[in-house]
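This report concerns only the one structure given below.
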Amino acid sequence: MVAENNRLKTEIAGISMKNPVMVASGTFGFGREYADFINIEELGAIVTKGTSLLPWPGNPPDRIAETPAGMLNAIGLQNDGVESLISEKLPWLRQFDVAVIVNVVGKTLDEYAEVARRLDGVPGICGLEINISCPNVKEGCIAFGTDAGMTAAVVGSVKAATKLPVIPKLSPNVTDIAAMAHVCEDSGADAVSLINTLMGTSIDAETRTFRLANITGGLSGPAIKPVALRMVWQAAGAVSIPVIGMGGISCAQDAVEFMLAGASAVQVGTANFINPNAGPKIARGIDDYLARHNFEHVKDIVGAVKSNNL
Amino acid sequence: MVAENNRLKTEIAGISMKNPVMVASGTFGFGREYADFINIEELGAIVTKGTSLLPWPGNPPDRIAETPAGMLNAIGLQNDGVESLISEKLPWLRQFDVAVIVNVVGKTLDEYAEVARRLDGVPGICGLEINISCPNVKEGCIAFGTDAGMTAAVVGSVKAATKLPVIPKLSPNVTDIAAMAHVCEDSGADAVSLINTLMGTSIDAETRTFRLANITGGLSGPAIKPVALRMVWQAAGAVSIPVIGMGGISCAQDAVEFMLAGASAVQVGTANFINPNAGPKIARGIDDYLARHNFEHVKDIVGAVKSNNL
Amino acid sequence: MSIYNLPIISQEEAGRRTHKLVLRAPELAGACAPGQFVHVLCGTYHDPLLRRPISVHNADVKEGTITLLYEVKGRGTALLAAKRPGEYANVFGPLGQGFKLPNTCGSPILLLGGGIGSAPLYFLARRISETVGCQTSTFMLGAQNCDSMVCREEFAALGPDIRLATDDGSLGCRGFVTELFAEYLASSESSTPPLVYACGPTPMLKAVALIANKHNLPCQVSLEAKMACGVGACMSCVVRVKDGGGEKYVRCCKEGPVFDAKEVVW
Amino acid sequence: MSIYNLPIISQEEAGRRTHKLVLRAPELAGACAPGQFVHVLCGTYHDPLLRRPISVHNADVKEGTITLLYEVKGRGTALLAAKRPGEYANVFGPLGQGFKLPNTCGSPILLLGGGIGSAPLYFLARRISETVGCQTSTFMLGAQNCDSMVCREEFAALGPDIRLATDDGSLGCRGFVTELFAEYLASSESSTPPLVYACGPTPMLKAVALIANKHNLPCQVSLEAKMACGVGACMSCVVRVKDGGGEKYVRCCKEGPVFDAKEVVW
Ligand SMILES: Cc1cc2nc3c(=O)[nH]c(=O)nc-3n(C[C@H](O)[C@H](O)[C@H](O)COP(=O)(O)OP(=O)(O)OC[C@H]3O[C@@H](n4cnc5c(N)ncnc54)[C@H](O)[C@@H]3O)c2cc1C
Ligand SMILES: Cc1cc2nc3c(=O)[nH]c(=O)nc-3n(C[C@H](O)[C@H](O)[C@H](O)COP(=O)(O)OP(=O)(O)OC[C@H]3O[C@@H](n4cnc5c(N)ncnc54)[C@H](O)[C@@H]3O)c2cc1C
Ligand SMILES: Cc1cc2nc3c(=O)[nH]c(=O)nc-3n(C[C@H](O)[C@H](O)[C@H](O)COP(=O)(O)O)c2cc1C
Ligand SMILES: Cc1cc2nc3c(=O)[nH]c(=O)nc-3n(C[C@H](O)[C@H](O)[C@H](O)COP(=O)(O)O)c2cc1C
Ligand code: FES
Ligand code: FES
Chain Z
32 MVAENNRLKT
42 EIAGISMKNP
52 VMVASGTFGF
62 GREYADFINI
72 EELGAIVTKG
82 TSLLPWPGNP
92 PDRIAETPAG
102 MLNAIGLQND
112 GVESLISEKL
122 PWLRQFDVAV
132 IVNVVGKTLD
142 EYAEVARRLD
152 GVPGICGLEI
162 NISCPNVKEG
172 CIAFGTDAGM
182 TAAVVGSVKA
192 ATKLPVIPKL
202 SPNVTDIAAM
212 AHVCEDSGAD
222 AVSLINTLMG
232 TSIDAETRTF
242 RLANITGGLS
252 GPAIKPVALR
262 MVWQAAGAVS
272 IPVIGMGGIS
282 CAQDAVEFML
292 AGASAVQVGT
302 ANFINPNAGP
312 KIARGIDDYL
322 ARHNFEHVKD
332 IVGAVKSNNL
Chain S
32 MVAENNRLKT
42 EIAGISMKNP
52 VMVASGTFGF
62 GREYADFINI
72 EELGAIVTKG
82 TSLLPWPGNP
92 PDRIAETPAG
102 MLNAIGLQND
112 GVESLISEKL
122 PWLRQFDVAV
132 IVNVVGKTLD
142 EYAEVARRLD
152 GVPGICGLEI
162 NISCPNVKEG
172 CIAFGTDAGM
182 TAAVVGSVKA
192 ATKLPVIPKL
202 SPNVTDIAAM
212 AHVCEDSGAD
222 AVSLINTLMG
232 TSIDAETRTF
242 RLANITGGLS
252 GPAIKPVALR
262 MVWQAAGAVS
272 IPVIGMGGIS
282 CAQDAVEFML
292 AGASAVQVGT
302 ANFINPNAGP
312 KIARGIDDYL
322 ARHNFEHVKD
332 IVGAVKSNNL
Chain P
8 MSIYNLPIIS
18 QEEAGRRTHK
28 LVLRAPELAG
38 ACAPGQFVHV
48 LCGTYHDPLL
58 RRPISVHNAD
68 VKEGTITLLY
78 EVKGRGTALL
88 AAKRPGEYAN
98 VFGPLGQGFK
108 LPNTCGSPIL
118 LLGGGIGSAP
128 LYFLARRISE
138 TVGCQTSTFM
148 LGAQNCDSMV
158 CREEFAALGP
168 DIRLATDDGS
178 LGCRGFVTEL
188 FAEYLASSES
198 STPPLVYACG
208 PTPMLKAVAL
218 IANKHNLPCQ
228 VSLEAKMACG
238 VGACMSCVVR
248 VKDGGGEKYV
258 RCCKEGPVFD
268 AKEVVW
Chain E
8 MSIYNLPIIS
18 QEEAGRRTHK
28 LVLRAPELAG
38 ACAPGQFVHV
48 LCGTYHDPLL
58 RRPISVHNAD
68 VKEGTITLLY
78 EVKGRGTALL
88 AAKRPGEYAN
98 VFGPLGQGFK
108 LPNTCGSPIL
118 LLGGGIGSAP
128 LYFLARRISE
138 TVGCQTSTFM
148 LGAQNCDSMV
158 CREEFAALGP
168 DIRLATDDGS
178 LGCRGFVTEL
188 FAEYLASSES
198 STPPLVYACG
208 PTPMLKAVAL
218 IANKHNLPCQ
228 VSLEAKMACG
238 VGACMSCVVR
248 VKDGGGEKYV
258 RCCKEGPVFD
268 AKEVVW
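Sequence order for the protein chains is Z, S, P and E. Just so we're aligned: 169 in this note's numbering is position 138 of the first sequence, and the numbers increase by one with no gaps anywhere. Just so we're aligned: 186 in this note's numbering is position 155 of the second sequence, and the numbers increase by one with no gaps anywhere. Just so we're aligned: 142 in this note's numbering is position 135 of the third sequence, and the numbers increase by one with no gaps anywhere. Just so we're aligned: 256 in this note's numbering is position 249 of the fourth sequence, and the numbers increase by one with no gaps anywhere.
Next up, the structure:
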């Protein structure tokens, strides 16, 4: 079993994982729904659904629309709030030998900081991923992720509120992703993760209405992989903290590409919907890749893409 | 034949077209290669390959890579320069009854303006599309399109150099597309077109090299449609000049969606590679749509998407 | 609940744009209950990307098969319809909460189906008769026209009382299945109120629910929603339901697809 | 040059991961010349997106068919290989500049193929014998191993002189087709220099070209490049060639895929 494989052991910002393959926030709930299907202990880490201070109702349906090789979502971060996470979800998750990273959302600086504060010291949490990039909530959130000053402020105040490793999750809806990664590093982030979804929309020509009740939503899935890979490569080139890469990863080869581009670990999102076993399968596939190419450890492929001779 | 159909007649920024379906720059050469396959007079307009002052050699191969529902290109704007356009390509194109828009590129403000100046008064040109957004040329170009001040400068100096309608083509690689559209309007643009390609990359895991010699390239095709549609909707909401929409259009339904989102006309790019007849077929399909939904004129569907009741 | 690569035993047309797909699935056949669904992979690569939720039309435990009855609507179902015996269908399930079966046979049982929505009612009727022993279900099936009325003979074989309505009157009464329902209630002489099970397009379910709620009849409806994960992880598929004095969103794939008509905010 | 939806007459395996596809294409069969290619749509929706360029392996004007011989490499060719008689293949062509045929039969003709690169040489050899009348082509075919040597019998039927090389020596000589070529040149007693035609992987073509150029032999090579449009419109597929004193990029799909080995910048 891959879980016991030294070659895949990964540590990022002080978070130890059996392998570098996590499941992405919002695509795996809190692990429970998928535990019937797969052995969640084969995952490097579970990143929870975005969690806010108080429960959020989420957006009206329709919340998703399929697109070519992708999907749009506008869930609107429906979640039961941080107290329900602490009292219900985490105790269940603690049964398992798998790292848990909590994805944190808020509408104000204070909300972000307060969620972080409440989670500080709660057993079974390895780190916080700060979602400053969800494009589906009217107030706040994406505004934080597309403005360098706001990003710095969120990261700074969350850092001040917790001893846990803090991982801002970057929005791809910006002109200069390297600059945003850099701002996070300067503000004390322990790692950065990217990309969240690209903002898009879908229209039904027959009814002349938007397909999402929220009008716009976030594009994920294989369609966005080339953009995600480019941004991960740019971000990794701009910072010295670890980069966690995601966006359209659906097989081990995709994951390897992100690591070659500079990601120390990867997250699998939309692919879970198509194959609930995608995460463990990708971890095993990375291991096969390392064996086939004679790498001693997965860290040896991080950033190992050769620059072209031009 | 659609060509004679009044319902589809479109005028944008003073450019009269038989229908609102153009072929996008760089995907149709100068029309000649496709004239063997299709009746190019059934197109609303042909937008030529990007044309610079002096010939440009382009990037080394590989110049393209296929991606899920899309492709990356890094052609590097190989072209024979404006004089060859005037002496060779345009005389051939003038045989046909179809509007011609010349796509203009440059590395400096002066180059853009000089190309515009040379094209001013040349018979057979209906307008200039200003490419400030190609992500594949090392100097200039994309820098113009991702900076509001530079965009204003290019549009202003091209406007001063020509009496032809000027249509800046926006880069999607920005935080705020509405702001960029607005800057163009303020600088005197007669229309805007969008989107150019999203910047991406592709890595070959087996060889650990970038698939494109240029490392990064521009993503086009159905994969980007949700992002393009969102940007067109945002841009159309921000300006009162006409918006020309493109990005992943491959059938009439796609084209109608862009028009519902606010585009007065559309361009078909990557789809030409899959079906050289895509343009004329889409024009006919829009006509069918208008008939089926009892619209008197194609302009009646522009911006006609209903805002959702939330 | 597992992921299966199921051999296709047969695929036949069963009406206008409607296909019946029989899959070899010994484990799944034993595991699934009426009203539950499976999540079906239709494409080969990434377009179309998502799985399609399809109800179980029948599960034959002895034969070790499940049957799906589906309408070709868009790209996913078109690809599914092109698959042939010898090929495989990748599905996972059984998913969701199915219909609650009656405990005894005291009440008349009404099964209301609109269009392809009739699909899961067949499995439901069979299970009611096989496990509870009630034979007296009444089917009320609606469709646009005669051609789109699916599996009429199949249903007829399960229960003698089958009432049909089509929009154009080409089969049965002209009108909606809700009219059959209202008529039934108006003319019924039974003193025990019927148990109502309904599946079909949302406007039909809404109309049925309003009638049932007015008469205070127990009524279960199977709802549709756009689904990504199908297992309750992504919050894509929510349905608005009553929550004490207020309202909330619950997951169609996990708390549903079958809901009590009284709980749904229509 | 047109777009065709061609009925599939047959599809068979013709070696390891190699398929032979026969299409009913009366117009195309008459129009295409050896070395030209067609652009084949492999997917149903948008993934994979682009067409795949495949050389014409044979065109039978009488039968009104064209044959493609192709290796399953990735996603597009895998989908193509899954198509069956009764289905259609959407292609357009013929595209590009084919091989220039010899005017007379004075010179020995060498046909050098590496791997699946041998595909177009069959059509070439047939046309040379049918239209120019030369019967004496020498085939030199290379492959990784015996299993991946395609259509050996077919080639043998065209010309008695067929020389084989495999990387592992499992068939013919152990080594490369370039070694067969060098050997031929070393031992040939013919006073007239041979005409060389080559198709295969780029490293092989480069090696062949260097030898041919050194001996100043006329040599045509068929190159591969990543193509989007296939018709010369997009500038995706460029090959570096000599241009007076300098160099420039020309389109493989339009000015090629067959080039004079002396023109190419290797
Ligand atoms: C619980 C449940 C059970 C179902 N059972 C059946 C059944 O037994 N037989 C049957 O024919 N249909 C059934 N449906 C509807 C079926 O899922 C859709 O018709 C199908 O997904 C359409 O896919 P497509 O590729 O043909 O259409 P497309 O238009 O290409 O689909 C695009 C996207 O929209 C979703 N979608 C489209 N229509 C619907 C819909 N009506 N409900 C939910 N999602 C939709 C698709 O899943 C996909 O994600 C069921 C739906 C649900 C939620
Ligand atoms: C003019 C020409 C003629 C050819 N003739 C033949 C032939 O007769 N038989 C045969 O088996 N192959 C031939 N090839 C190669 C064939 O086009 C590729 O093997 C095929 O495109 C691979 O597609 P795929 O979906 O299997 O691979 P994928 O890896 O999925 O392809 C991804 C992308 O890369 C491109 N690509 C991958 N490999 C090549 C390649 N070697 N050359 C060009 N593009 C490539 C594809 O077209 C596609 O756009 C020819 C290529 C060219 C340019
Ligand atoms: C249905 C859905 C819900 C999501 N919810 C969240 C969320 O709550 N917080 C967050 O940071 N990202 C969320 N995301 C974004 C993903 O975590 C991920 O960044 C994105 O989908 C790109 O990866 P992918 O292409 O592998 O899905 C969500 C994505 C999807 C598809
Ligand atoms: C191969 C290729 C070459 C292109 N060259 C140009 C160009 O010269 N100038 C330009 O403004 N856009 C160029 N584009 C961008 C297209 O015109 C268009 O904006 C983009 O491809 C999105 O549309 P699509 O998805 O329909 O292709 C090119 C696109 C492709 C695929
Ligand atoms: S489809 Fe994911 S929660 Fe229902
Ligand atoms: S493939 Fe487009 S120019 Fe050759």
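Just so it is clear, CB atoms sit at the ideal spot from N, CA and C, and this is done for glycine as well.
Heavy atom of ligand 1 within 8 Å of residue i beta-carbon
i: Tyr129 of chain P; result: no
i: Ser233 of chain Z; result: no
i: Ile71 of chain S; result: no
i: Pro305 of chain Z; result: One point to set straight first is that residue 305 of chain Z is Ile, not Pro, in the sequence displayed. No, the Cβ of Ile305 of chain Z stays beyond 8 Å of every heavy atom of ligand 1.
Where the alpha helix (DSSP H) through residue i begins and ends
i: Glu288 of chain S; result: 283-291
i: Cys226 of chain E; result: Premise fails: Cys226 of chain E lies in the beta strand (DSSP E), 226-229, not in any alpha helix (DSSP H).
Residue-chain proximity (residue i, chain E), Cβ-Cβ < 9 Å
i: Tyr52 of chain P; result: yes
i: Pro253 of chain Z; result: yes
i: Ser281 of chain S; result: yes
Whether residue i touches residue j by CB criterion (9 Å)
i: Ala205 of chain E; j: Gly121 of chain E; result: yes
i: His46 of chain P; j: Leu108 of chain P; result: no
i: Ile226 of chain Z; j: Ser202 of chain Z; result: yes
i: Gly57 of chain Z; j: Cys241 of chain P; result: yes
i: Val271 of chain P; j: Leu230 of chain P; result: yes
i: Ile43 of chain S; j: Pro199 of chain S; result: no
i: Leu20 of chain Z; j: Ile95 of chain Z; result: Nothing can be reported for residue 20 of chain Z, as the shown portion of chain Z is limited to 32 through 341.
i: Ile77 of chain S; j: Pro311 of chain S; result: no
Distance cut-off 8 Å: residue i Cβ against heavy atoms of ligand 3
i: Val157 of chain P; result: no
i: Gly239 of chain P; result: no
i: Lys274 of chain E; result: Summary: the structure shown does not reach residue 274 of chain E, with chain E confined to residues 8 through 273, and so no result is reported for it.
Boundaries of the beta strand (DSSP E) in which residue i is found, first to last residue
i: Val274 of chain E; result: The structure shown does not extend to residue 274 of chain E, since chain E is modelled only from 8 to 273, so the question has no answer here.
i: Gly158 of chain Z; result: 158-162
i: Asp141 of chain Z; result: No beta strand (DSSP E) contains Asp141 of chain Z, which is instead part of the alpha helix (DSSP H) from 140-150.
i: Val246 of chain P; result: 245-250
i: Ala100 of chain Z; result: Premise fails: Ala100 of chain Z is in no beta strand (DSSP E) and is neither H nor E.
Proximity test, Cβ basis, 9 Å: residue i and chain S
i: Lys190 of chain Z; result: no
i: Leu341 of chain Z; result: Because Leu341 of chain Z sits at a pLDDT of 44, beneath the cut-off of 50, its placement in the model cannot be relied upon, and the point is left open.
Residue i beta carbon near ligand 2 (any heavy atom closer than 8 Å)
i: Met147 of chain E; result: no
i: Ala85 of chain E; result: yes
Short CB-CB distance (under 9 Å) between residue i and chain P
i: Pro257 of chain S; result: no
Closer than 9 Å to chain Z by CB, residue i
i: Trp87 of chain S; result: no
i: Arg247 of chain P; result: yes
Heavy atom of ligand 4 within 8 Å of residue i beta-carbon
i: Met277 of chain S; result: yes
- Item | Contact set between the stretch 210-235 of chain E and chain S, restricted to residues whose Cβ is under 9 Å from the partner | Ala232, Lys233, Met234, Ala235
- Task: Below 7 Å between beta carbons is the criterion; list the residues of the stretch 97-128 of chain Z that meet it against any residue of chain C, in chain order.
- Result: Judged by its chain identifiers, the structure shown contains no chain C, and its protein chains are Z, S, P and E.
- Message: Output needed in chain order: residues of the stretch 52-76 of chain S with a Cβ under 7 Å from some Cβ in chain E.
- Response: The residues in question are Gly57, Thr58, Phe59, Gly60, Glu64, Tyr65, Asp67, Phe68.
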